[in-house]
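Residue numbers (our numbering): 98 to 379. See below for the structure under consideration.
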């Protein structure tokens, strides 16, 4: 419910899911039922209508899953372990900075009703857990097809449609590079967008020290000054390299209606939360 068994959900296949998993699938599109794995129970229709019907049925026949089962207690314990691990990474002030510390600062700087456009690899993936949406229908990202290069355009569209709400584009440097020049549109129409570039000097992880004369194919020129792009058109640019600069700079940029880019340098080897199995990071 609320998601499809696509790449985000590992297609419903092992090892993410048990090979004998029983799937109850709700979708408004009948052609999605049974995609990739068989569906045990199919609920086709509008989500609001179906959940209302389910609530009526539960009122007539109350049932809750017993919380004392081994499966439930183990799941709850693992969820709490994950929360504690992420919380520790969010308050890690070591430098160069990691994803979690930066994204926590973004979360604390933006209003609750902000519209978030997000793209990249780790930036988008980690952002899905660290940057919550309080207001429905307020997040735009790579979506079902894993499209790259859409984040800047999504932010521009959101700002045009919702001029009364703050729009923040949280971009990895690779994702931002696909359509960076479109920030000119934001300045031309004076759209109050804050573009945040989480800059690890390349595509995915990279070496901690880059030799300008011997740069690996997946890496970029080190410490690229992306914020200068928007300055060329009359917007504001901010370059952040330290924790001391991070929080105050984000607050300043987010609260200023001038279109801006906050270019935040992080550790090229920064990673997401460690996983017990390699396939969990795919």
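We put the CB at the ideal spot given by N, CA and C, even for glycine.
Exposed unless 16 or more other CB atoms sit within 10 angstroms - verdict on residue i
i: residue 231; result: exposed
i: residue 357; result: buried
i: residue 213; result: buried
i: residue 365; result: buried
i: residue 150; result: exposed
i: residue 258; result: exposed
i: residue 143; result: exposed
i: residue 125; result: exposed
i: residue 227; result: buried
i: residue 39; result: Because residue 39 is not part of the residues shown, which for the chain are 98 to 379, the question remains open.
C-beta neighbour in chain B for residue i, strict 9 Å
i: residue 139; result: Included in the structure is just one protein chain, with no chain B present.
Beta-carbon contacts of residue i that lie in its chain and below 6 Å, excluding the five residues immediately before and after
i: residue 133; result: 102, 108, 109
i: residue 340; result: 190
i: residue 251; result: 214, 237
Cβ-Cβ separation, residue j to residue i (assumed contact under 8 Å), whole Å
i: residue 370; j: residue 182; result: 5 Å
i: residue 293; j: residue 203; result: 6 Å
i: residue 263; j: residue 229; result: With a Cβ gap of about 15 Å, residue 263 and residue 229 do not count as contacting.
i: residue 270; j: residue 323; result: 7 Å
i: residue 122; j: residue 140; result: 7 Å
i: residue 295; j: residue 220; result: 5 Å
i: residue 267; j: residue 215; result: 5 Å
i: residue 351; j: residue 291; result: 5 Å
i: residue 217; j: residue 171; result: Rounded, the Cβ-Cβ distance is 32 Å, inconsistent with contact.
i: residue 47; j: residue 355; result: With the chain running from 98 to 379 in the structure shown, residue 47 is simply not present.
Beta-bridge pairing of residue i - partner residues as DSSP gives them
i: residue 268; result: 216, 294
i: residue 194; result: 363
i: residue 237; result: 214
i: residue 124; result: 141
i: residue 336; result: 360
i: residue 299; result: 316
Residue i versus residue j - alpha carbon distance
i: residue 206; j: residue 199; result: 11 Å
i: residue 211; j: residue 331; result: 24 Å
i: residue 275; j: residue 246; result: 5 Å
i: residue 346; j: residue 241; result: 33 Å
i: residue 343; j: residue 253; result: 24 Å
i: residue 284; j: residue 261; result: 17 Å
i: residue 265; j: residue 287; result: 14 Å
i: residue 234; j: residue 135; result: 29 Å
i: residue 320; j: residue 299; result: 10 Å
i: residue 359; j: residue 243; result: 24 Å
i: residue 163; j: residue 154; result: 19 Å
i: residue 239; j: residue 329; result: 28 Å
i: residue 145; j: residue 192; result: 46 Å
Beta-carbon contacts of residue i that lie in its chain and below 7 Å, excluding the five residues immediately before and after
i: residue 367; result: 195, 196, 297
i: residue 104; result: 243
Neighbourhood of residue i by C-beta distance below 8 Å, restricted to the same chain and skipping five residues each side
i: residue 188; result: 198, 201
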